[in-house]
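Working notes, beginning with the structure itself.
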Amino acid sequence: MSNREYSSREYSNVIHTDVLVQLDTSRRKALANLDDAKLNWFHFRTCIISGVGFFTSAYDLFVINLVSNILGYAYFSSDSIVPINLDTGIKTSAAIGNIIGQILFGWMADRYGRKKVYGIELSIMIAATAGTALAANSFSMSMFAGIIFWRIILGIGVGGDYPLSAVITSEFAMKSRRGAMMALVFAMQGFGILTAGLVTMITLKVFESSIKQEVRYLDYVWRIVVGIGMIPATVVLYFRLTIPESPRYTMDVFGNIEKGAKNIERLLSNSKHIKNDKFEAFYLVETPKASWKDFRDYFGKWKNGKILLGTCVSWFAIDVAFYGLSFNQGIIMQNATPNYLSFNDPYDTLYNIAFGNIIVTLLGTIPGYWCSVLLIDKLGRRSIQLMGFAVLTVLYLIIGFSYAIVTTSYQWIFVILFIISMFFTNFGPNTTTFIIPGEVFPTRYRCLGHGIAAASGKAGALLSQLGVLLLKDTGGPNKFIDHLLELFALVCFIGFLFSFLLPETKHKSLEENSNEIQEKFFTGYVSPELRQPTIINVQTHFNGHVSFKSDS
Numbered sequence: 005m006s007n008r009e010y011s012s013r014e015y016s017n018v019i020h021t022d023v024l025v026q027l028d029t030s031r032r033k034a035l036a037n038l039d040d041a042k043l044n045w046f047h048f049r050t051c052i053i054s055g056v057g058f059f060t061s062a063y064d065l066f067v068i069n070l071v072s073n074i075l076g077y078a079y080f081s082s083d084s085i086v087p088i089n090l091d092t093g094i095k096t097s098a099a100i101g102n103i104i105g106q107i108l109f110g111w112m113a114d115r116y117g118r119k120k121v122y123g124i125e126l127s128i129m130i131a132a133t134a135g136t137a138l139a140a141n142s143f144s145m146s147m148f149a150g151i152i153f154w155r156i157i158l159g160i161g162v163g164g165d166y167p168l169s170a171v172i173t174s175e176f177a178m179k180s181r182r183g184a185m186m187a188l189v190f191a192m193q194g195f196g197i198l199t200a201g202l203v204t205m206i207t208l209k210v211f212e213s214s215i216k217q218e219v220r221y222l223d224y225v226w227r228i229v230v231g232i233g234m235i236p237a238t239v240v241l242y243f244r245l246t247i248p249e250s251p252r253y254t255m256d257v258f259g260n261i262e263k264g265a266k267n268i269e270r271l272l273s274n275s276k277h278i279k280n281d282k283f284e285a286f287y288l289v290e291t292p293k294a295s296w297k298d299f300r301d302y303f304g305k306w307k308n309g310k311i312l313l314g315t316c317v318s319w320f321a322i323d324v325a326f327y328g329l330s331f332n333q334g335i336i337m338q339n340a341t342p343n344y345l346s347f348n349d350p351y352d353t354l355y356n357i358a359f360g361n362i363i364v365t366l367l368g369t370i371p372g373y374w375c376s377v378l379l380i381d382k383l384g385r386r387s388i389q390l391m392g393f394a395v396l397t398v399l400y401l402i403i404g405f406s407y408a409i410v411t412t413s414y415q416w417i418f419v420i421l422f423i424i425s426m427f428f429t430n431f432g433p434n435t436t437t438f439i440i441p442g443e444v445f446p447t448r449y450r451c452l453g454h455g456i457a458a459a460s461g462k463a464g465a466l467l468s469q470l471g472v473l474l475l476k477d478t479g480g481p482n483k484f485i486d487h488l489l490e491l492f493a494l495v496c497f498i499g500f501l502f503s504f505l506l507p508e509t510k511h512k513s514l515e516e517n518s519n520e521i522q523e524k525f526f527t528g529y530v531s532p533e534l535r536q537p538t539i540i541n542v543q544t545h546f547n548g549h550v551s552f553k554s555d556s
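Residue numbering for the sequence shown is 5 to 556, as defined by the working numbering.
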């Protein structure tokens, strides 16, 4: 640097620049420590806190597939099937709530902080589950209207869990195992689905003699099955309410570099959550602020906009297939393997449906999730997503065009292909579409970006569920299922194509994946004397060299 004398304004600028260099160095060092940390109990605890909530979300969402069959036998003795209009409302209501919750909670978490919002969505899920289990006929509203209403509220809570659990896990994780940690949280969905089947079987077994005498005892069964979903959510609620704020949010949105760096140091040294993270910072930096204009400017650049587009379309595509099959698994298995069920006895039929759900989950769904956990940080997110979409496209084409043959003469082939499709759904885009949006956006839009992508997925789920329920009987009972499978193949191929818009995020920091220049991330800081913004008139390169320009 030149030895010439500086004007007072220039000298002030150099001082301000030195402050920002120090703060930037502190931020980089703290984030590097977090990214390069060794796996410890704190990371496991974060996964458990996020994962148990996701377990509950999956249980509450997917148990309705089994409950719908129970409701048919309990309240519709003529044909033991819930009328199509009610069945559609019951199965799609949560998806409507999901869309609302994912965008609303995504925005709230970016606006008010992860800590202030985390736990609210779980409280909503507990209240809505209780409301569903206690729904009853009244003078002004039927029981089914009550179920649909509470399922919408439940969906809002479940929807909020998607961006919050994904982003909190990603922002606390080390970069070498971030994919595995996020996949582990998402893999709890498989155990939630499995538990729904097990709880249904056990509850049916408890009431077996009563059900065989009088079918009305199924009213006890479905209420107990639904209500049990409150237990894991209640257990983990306290831990969610006391989780510390994400250090990345503290630094990049609140602008409190000192507090964020201190919290990272305490987390990694003590391996515990910080219950009291109050910290009076000497400096607060000015960082890019979330606004509609800034949102347009960031996502208006093709390098960023294409990523949002890719996450939205790929999540939409996989949810069309996944929810279309999962929520109607009983219908499809019944049509494909007519000897699998005995409709002469309600108890036997419902027990076999739950048992079939467990078999598919154990052989296809859960192994798929855990292959993702084990391999995602080795193979990469995008490669697994592309592989999954490619395999599913081929499988759905084979199943769809050979449906008439395999369901009449080679039913065992259909069952095997169906299980394989569930495996590659979860060792594939169903997992990666959850992970990638939690890694590719800047901190100020990370939850909202994930929420928008997730809402696109639930729009696909809603469209798929409506399509299956309304179109499956076109041309005769369950005569259109083969064409629906062919449509699923087309949608998966579209998801495959749009996945090329996504970057590979493995072993990269969240800051690298955000596509933002980190060297000029700060625009100023709050003056410690005046506690007001001081915007400096300097050009800082944060590489050991500082240059400036005078106002004169």
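Even glycine gets a Cβ: it sits at the ideal position worked out from N, Cα and C.
Below 8 Å, enough C-beta pairs join the region 91-111 and the region 51-71 to call them touching: three or more. Take Phe500, set aside five residues on each side of it, and the residues of its chain with a beta-carbon closer than 7 Å to its own are Leu390, Phe393, Ala394, Thr397, in chain order. Annotation: Leu489 to Val189 spans about 29 Å, alpha carbon to alpha carbon. If you check the CB distance, Asn519 and Asn308 come in under 8 Å.
Phe195 is the residue among Tyr77, Asn89, Phe195, Ser425 whose C-alpha sits nearest the C-alpha of Gly55.
Setting aside the 5 residues that flank it on each side, Ile104 is surrounded in the same chain by Ile160, Gly163, each with a C-beta closer than 7 Å to its C-beta; the list follows chain order. Counting every other CB atom within 10 Å of its CB across the protein chains shown gives Tyr242 a total below 16, marking it as exposed. The alpha-carbon of Ser503 is positioned some 15 Å away from that of Phe431.
Contact check for Arg244 against Tyr122 passes: the beta carbons are separated by less than 8 Å. When the alpha-carbon of Gly57 is set against those of Ile128, Asp323, Val419, Leu272, the nearest one is in Ile128. From the listed residues Tyr77, Leu383, Val419, the smallest Cα separation to Leu399 is found for Val419.
Inside the region 70-125, DSSP marks whole alpha helix (DSSP H) runs of 4 or more residues at positions 88-116, 118-121, from first to last along the chain. Exclusion of the five residues before and after Ile228 leaves Thr207 as the residues of its chain whose Cβ lies within less than 6 Å of its Cβ.
Residue state for Gly259 is assigned as coil, using DSSP reduced to three classes.
Where Glu212 is concerned, the enclosing alpha helix (DSSP H) starts and stops at 212-217.
In chain order, Gly464, Val495, Cys496, Ile498, Gly499 place their CB closer than 7 Å to the CB of Ala321, counting only its own chain and leaving out the 5 sequence neighbours on each side. Taking 8 Å as the upper bound for CB-CB distance, Thr435 and Leu198 are not in contact here, some 16 Å apart. Counting the other CB atoms within 10 Å of its CB gives Thr412 a total below 16, which places it among the exposed residues.
Secondary structure at Glu269: helix, using DSSP grouped into helix, strand and coil. Rounded to the nearest whole angstrom, the C-alpha separation of Ala137 and Tyr77 is 17 Å.
Taken through DSSP and simplified to helix, strand or coil, Glu520 comes out as coil.
Here DSSP, grouped into helix, strand and coil, assigns Lys462 to helix. Taking C-beta atoms as the reference points, Lys119 and Pro248 count as a pair closer than 8 Å. Taking a cut-off of 8 Å for Cβ pairs, the region 29-45 and the region 262-276 touch, as three or more such pairs fall below it. Taking the Cα positions, Ser180 is about 39 Å away from Ala358.
For the set Trp154, Leu108, Arg252, the Cα lying nearest the Cα of Asp39 is the one of Arg252.
With contacts defined by Cβ atoms closer than 8 Å, Ala459 and Ile107 form a contacting pair. A Cβ-Cβ contact shorter than 8 Å links Gly314 with Leu505. In its chain, beyond the 5 residues on either side, Gly110, Trp111, Asp114 have a beta carbon closer than 7 Å to the beta carbon of Leu452. The beta carbon of Ile53 is closer than 7 Å to those of Val240, Phe243, Arg244, Ile247 in its chain, skipping five residues each way along the sequence. Using a C-beta cut-off of 8 Å, the region 285-302 makes no contact with the region 370-385, since fewer than three inter-stretch Cβ pairs fall below that distance. Taking all protein chains in view, the Cβ of Asp28 is crowded by 16 or more other Cβ atoms within 10 Å, so the residue is classified as buried. Assignment of Leu24 by DSSP, reduced to helix, strand and coil, places it in the helix class. DSSP, reduced to helix, strand and coil, places Tyr414 outside both helices and strands of the structure shown, so it counts as coil.
Judged by DSSP secondary structure, Tyr449 falls outside any alpha helix (DSSP H); it is assigned neither H nor E.
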